[in-house]
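Novice: Sharing a structure below in structure tokens format, with a few things to ask.
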Amino acid sequence: MGLRGTGTNVPMFWIKPFEMRFLLVCLLFVLSDAVQVKDFPGSTFCLDGEIQIKKPKDVPQRTWQGLHVIDSSGLEVDACQILPEGSLLTIPEKCINHETGRRVAHLSLRDSVGNNVVYQISCKDEQADSEYMEPVIQCTPDYMEATISRKLSGFDDEIVSRPPPASTWTIGIDNGTLVKLNLQTAKRLGYDLTSNVNSLTIRVNVKAFGIQELISQGQKFYIGNIALIQERQNPKIRVDVKLICATGPPACNKTHMTLSMPNFGGILQYIQLGDKLVELTTYALQEEGITLDTSSGVQLSFELDKLQVGKAPKQRSLPSLTLVFLIDDLTVPMNLSLQCFVPDSPPFVFDCTPDGFIIFEVLATLTKPNLDLDTVTIGDRRCQPQEKTSNRIYFKFALNKCGTTEKNVGGKLLYEIEVRALWKDLPRRNISRDSELRETIRCFYNGSDSKPINLSVVTPPPPVSSRNDGPLLIVMRIYPDISYQIPYSDDQYPIVKTLRDPIFLEVQVLNRNDPNIELVLDDCWATMSQDPQALPQWNVVVDGCQESHDSHLTVFHPVNNVPLATYHKRFEVKAFAFMQSGQLSTNFVYFHCRAIICDITSPDSSLCSKRCPPSRKRRDELFLHRHSTLASLPGPVLLLDSEASLTSEDEQDVITQVTIGVLPAFALVAVIALVAVLINLNLKRKPKS
Numbered sequence: 036m037g038l039r040g041t042g043t044n045v046p047m048f049w050i051k052p053f054e055m056r057f058l059l060v061c062l063l064f065v066l067s068d069a070v071q072v073k074d075f076p077g078s079t080f081c082l083d084g085e086i087q088i089k090k091p092k093d094v095p096q097r098t099w100q101g102l103h104v105i106d107s108s109g110l111e112v113d114a115c116q117i118l119p120e121g122s123l124l125t126i127p128e129k130c131i132n133h134e135t136g137r138r139v140a141h142l143s144l145r146d147s148v149g150n151n152v153v154y155q156i157s158c159k160d161e162q163a164d165s166e167y168m169e170p171v172i173q174c175t176p177d178y179m180e181a182t183i184s185r186k187l188s189g190f191d192d193e194i195v196s197r198p199p200p201a202s203t204w205t206i207g208i209d210n211g212t213l214v215k216l217n218l219q220t221a222k223r224l225g226y227d228l229t230s231n232v233n234s235l236t237i238r239v240n241v242k243a244f245g246i247q248e249l250i251s252q253g254q255k256f257y258i259g260n261i262a263l264i265q266e267r268q269n270p271k272i273r274v275d276v277k278l279i280c281a282t283g284p285p286a287c288n289k290t291h292m293t294l295s296m297p298n299f300g301g302i303l304q305y306i307q308l309g310d311k312l313v314e315l316t317t318y319a320l321q322e323e324g325i326t327l328d329t330s331s332g333v334q335l336s337f338e339l340d341k342l343q344v345g346k347a348p349k350q351r352s353l354p355s356l357t358l359v360f361l362i363d364d365l366t367v368p369m370n371l372s373l374q375c376f377v378p379d380s381p382p383f384v385f386d387c388t389p390d391g392f393i394i395f396e397v398l399a400t401l402t403k404p405n406l407d408l409d410t411v412t413i414g415d416r417r418c419q420p421q422e423k424t425s426n427r428i429y430f431k432f433a434l435n436k437c438g439t440t441e442k443n444v445g446g447k448l449l450y451e452i453e454v455r456a457l458w459k460d461l462p463r464r465n466i467s468r469d470s471e472l473r474e475t476i477r478c479f480y481n482g483s484d485s486k487p488i489n490l491s492v493v494t495p496p497p498p499v500s501s502r503n504d505g506p507l508l509i510v511m512r513i514y515p516d517i518s519y520q521i522p523y524s525d526d527q528y529p530i531v532k533t534l535r536d537p538i539f540l541e542v543q544v545l546n547r548n549d550p551n552i553e554l555v556l557d558d559c560w561a562t563m564s565q566d567p568q569a570l571p572q573w574n575v576v577v578d579g580c581q582e583s584h585d586s587h588l589t590v591f592h593p594v595n596n597v598p599l600a601t602y603h604k605r606f607e608v609k610a611f612a613f614m615q616s617g618q619l620s621t622n623f624v625y626f627h628c629r630a631i632i633c634d635i636t637s638p639d640s641s642l643c644s645k646r647c648p649p650s651r652k653r654r655d656e657l658f659l660h661r662h663s664t665l666a667s668l669p670g671p672v673l674l675l676d677s678e679a680s681l682t683s684e685d686e687q688d689v690i691t692q693v694t695i696g697v698l699p700a701f702a703l704v705a706v707i708a709l710v711a712v713l714i715n716l717n718l719k720r721k722p723k724s
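Residue numbering for the sequence shown follows my numbering, beginning at 36 and increasing consecutively.
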């Protein structure tokens with residue numbers, strides 16, 4: 036993408052062969068001194084309140100005496116200037132970083148060939164493992180909330196009487212790669228962190244960036260991984276939080292309420308109803324009226340008779356249900372409340388025909404758990420269905436067949452027959468009063484004459500007109516992937532993209548259905564404000580064609596499998612193209628397009644002729660007679676570097692954190708600056724010709 040109104044002049048010394056070779060040698064020299072991070076090769080002793088390590092045999096004593104403790108950013112910790120005692124080094128608690136389930140420390144020393152090496156020492160936190168449980172995820176249809184107690188291991192040295200404000204924490208969002216954000220940016224993406232003396236509370240919108248939505252049996256389930264990171268002071272703390280939320284809504288019928296969750300990597304450990312713990316044994320589940328199916332994810336069916344009756348007569352609810360999962364060796368409880376309304380309709384469809392037949396079908400999926408259709412019987416068990424599949428069974432028989440009973444009620448004939456069935460996965464037995472499905476079909480007929488057949492004729496509507504009057508609408512959308520199936524909704528903005536992510540855009544014309552017109556793009560561009568005229572602007576489409584001044588061209592995609600394909604234009608841009616002064620912009624980026632409507636039968640403009648690049652003269656003539664229409668995305672796209680940590684603006688007095696190995700980068704900058712100075716001096720010393 037080209038940056039409007041800017042230019043780049045390349046200094047001559049960059050293209051001179053000698054200077055380039057010299058600069059390359061300096062670069063390789065600096066990179067050869069880069070810090071390496073390795074697991075500590077010596078013995079490690081994990082003790083209460085400290086970690087002891089023993090000198091490896093191949094490390095010289097002088098090197099061993101010169102080691103120093105560094106923090107996770109690669110900077111030496113002044114309070115941790117400790118010396119080994121012989122071959123042993125004791126690392127106190129204040130020099131240890133706490134992560135979920137383990138304690139970590141870093142040491143820096145020179146190896147046998149003089150390279151600077153960082154060793155990582157890690158201890159499994161047995162105390163934390165024995166007492167640690169992931170915070171309970173309070174699950175609602177709109178958000179997930181977790182409260183982390185400051186009494187957990189890792190907060191021991193934190194001054195809880197005056198805890199640091201929430202703004203000193205960083206939120207890490209694991210969306211394949213860890214994106215570290217300050218609180219202000221994270222809040223705009225759906226993450227809200229608050230802090231008090233006793234705890235940290237993180238509330239996350241289920242539609243937030245980094246939260247994955249899964250569907251099981253039409254019910255929604257959300258999952259995400261985040262980390263709360265405190266790197267501003269000692270001890271360094273990292274708390275990993277597994278976010279899970281089943282929002283349902285649960286499926287309800289006349290007998291059961293069923294919650295369905297997909298396979299997401301968690302293993303259900305136990306169930307808690309209010310204050311009562313329910314183990315996952317057949318006896319314990321049956322006592323509570325619960326059926327569990329883990330063949331494909333987790334399906335929990337609750338008998339309605341065991342549930343609380345709500346304010347409405349047909350309302351049933353579980354006010355407090357906690358499901359405890361094991362996820363990546365962490366115990367993660369999810370708390371939610373469920374409710375449903377008992378439906379009025381029967382669990383199967385039937386009909387009493389005027390010519391004296393009873394017709395009905397039973398679907399296996401109309402109850403939870405599913406019905407075993409092999410156990411479906413009616414009054415006379417010898418009667419067989421007309422059709423039967425693995426999910427459906429169909430009966431049709433005369434009123435006086437298959438065990439139907441006949442009664443005279445108020446001058447009308449009443450025919451009744453009972454349908455019975457068992458659930459799947461239950462021990463086979465004779466169908467009795469304990470059957471899981473018992474429904475009675477009743478048909479009423481006049482006793483004196485036949486019931487007439489009522490017919491209704493439905494006249495189909497006339498075909499839709501090929502012309503619509505009204506305002507012409509052109510809209511712009513963004514999609515998650517190249518399939519262009521479901522665009523992002525308005526409540527999902529801002530859309531977060533990381534460096535090198537593709538951005539899939541579409542422009543579409545609405546309120547027309549004429550097959551002889553086509554939407555044609557004019558110019559498309561991006562700005563850092565909602566104003567399409569704001570500067571700077573990055574071109575992505577120029578005169579309906581790819582931006583020719585960018586090495587990463589816009590990619591146009593064909594439009595298939597949609598009605599009126601000529602009403603759509605789809606294209607893809609790369610997030611890494613949004614650079615300003617060599618730096619990735621972390622501001623919000625807004626996309627805009629101008630488009631025109633062309634008559635396919637008689638193109639009247641250079642844009643309609645689909646030539647790239649079009650004639651500038653013809654394009655100018657076009658705009659004397661017609662104007663293009665502007666369309667913009669309904670919200671911004673936030674571009675982030677997945678490896679960068681964005682620091683808070685209100686903490687400029689805190690030293691900016693850098694990753695391990697950043698010191699050689701400063702050396703590289705110094706070498707480049709020195710080379711530039713030497714080349715400049717060399718150029719000045721050349722005699723004039």
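For each residue, glycine too, the CB sits at the ideal point set by N, CA and C.
1) Let me know the secondary structure DSSP gives E422 once reduced to three states.
2) Tell me whether A610 sits in a helix, a strand or coil according to DSSP, three-state version.
3) So the candidates are L142, T475 and L123; which of them puts its Cα closest to the Cα of F385?
4) Grab the span of the alpha helix (DSSP H) containing W99 for me, first residue to last.
5) Name the DSSP bridge partner or partners of D390?
6) What distance in whole Å lies between the Cβ atoms of R605 and E553, which are believed to be in contact at a cut-off of 8 Å?
7) Using only the alpha-carbon positions, how far apart do F299 and E134 sit?
8) Roughly how many whole angstroms lie between the Cα atoms of H592 and I237?
9) Which residue's Cα is closest to the Cα of C375: N288, A433 and N132?
10) Mind checking if I632 is an interface residue toward chain D, Cβ cutoff 9 Å exclusive?
11) Got a sec, what are the start and stop residues for the alpha helix (DSSP H) L361 sits in?
12) In terms of residues, what are the limits of the beta strand (DSSP E) holding A630?
13) Using the three-state DSSP reduction, which class does C643 fall into: helix, strand or coil?
14) Starting from M1, follow its DSSP beta bridges and name the residues at the other end.
15) Just verifying my parser: in three-state terms, what is the DSSP assignment at R535?
16) Among G259, N240 and E180, which residue has its Cα nearest to the Cα of T212?
17) Quick check on A569: buried or exposed, where buried means 16 or more other Cβ atoms within 10 Å of its Cβ?
18) Tell me the rounded alpha-carbon separation between G77 and L102.
19) Tell me whether P176 is buried or exposed, calling it buried when 16 or more other Cβ atoms sit within 10 Å of its Cβ.
20) Mind checking whether V576 and C628 have CB atoms under 9 Å apart?
21) Which value, in whole angstroms, describes the spacing of the CA atoms of M296 and Q350?
22) Helix, strand or coil: how does DSSP classify C130 here?
23) Nearest to T400 by CA position, among L472, T562, T664 and R137, is which residue?
24) Use the C-beta contact count for T562: other C-beta atoms within 10 angstroms, 16 or more gives buried, fewer gives exposed.
25) Could you check how far apart the C-beta atoms of G84 and E120 are, in whole angstroms? I think they sit under 8 Å.
26) Going by C-alpha to C-alpha distance, which of C115, L294 and V274 sits closest to F256?
27) Return helix, strand or coil for T366, following the three-state DSSP convention.
28) Let's see if you can read the secondary structure: which residues bound the beta strand (DSSP E) around R137?
29) Going by beta carbon distance, what residues of the same chain come within less than 8 Å of I261, once the five residues before and after it are set aside?
30) Just to confirm the assignment, what range does the beta strand (DSSP E) spanning L294 have?
31) Could you pull out every residue in the same chain whose Cβ sits closer than 6 Å to the Cβ of E180, ignoring the five residues on either side in sequence?
32) Is N217 buried or exposed, if buried means 16 or more other CB atoms sit within 10 Å of its CB?
33) In its own chain, which residues sit with a C-beta less than 7 Å from the C-beta of D685, not counting the 5 before and 5 after it?
34) With 16 other CB atoms within 10 Å as the buried threshold, where does P52 fall?
35) Can you tell me which of the three DSSP states A163 falls into?
36) Quick one: give me the first and last residue of the alpha helix (DSSP H) that K222 is part of.
Specialist: Per the coordinate set shown:
1) strand
2) helix
3) T475
4) Q96 to Q100
5) D390 is not bridged to any residue.
6) Their Cβ separation, rounded to whole angstroms, is 14 Å, which puts E553 and R605 out of contact at 8 Å.
7) 24 Å
8) 40 Å
9) N288
10) In the structure shown, chain D cannot be found, because there is only a single protein chain.
11) Not the alpha helix (DSSP H): L361 falls in the beta strand (DSSP E), residues Q350 to I362.
12) F623 to D634
13) coil
14) Residue 1 lies beyond the stretch modelled for the chain, which goes from 36 to 724, so this question has no answer here.
15) coil
16) G259
17) exposed
18) 14 Å
19) exposed
20) yes
21) 23 Å
22) helix
23) L472
24) buried
25) Their Cβ separation, rounded to whole angstroms, is 17 Å, which puts G84 and E120 out of contact at 8 Å.
26) L294
27) strand
28) R137 to R145
29) I206, G207, I208, D209, Y226, I237, V239, G245, D275, V276 and L278
30) H291 to M296
31) Q173 and R238
32) buried
33) Only weak support is given to the placement of D685: the predicted model assigns it a pLDDT of 35, under 50, and the value that follows is read from those uncertain coordinates. Only S202 meet the Cβ criterion.
34) Only weak support exists for where P52 lies, its pLDDT of 49 falling under 50; the value from the coordinates is given anyway. Its Cβ having fewer than 16 others within 10 Å, P52 is exposed.
35) Residue placement at A163 is flagged as unreliable, the pLDDT there being 42, under the threshold of 50; a coordinate-derived value is accordingly withheld.
36) L218 to R223
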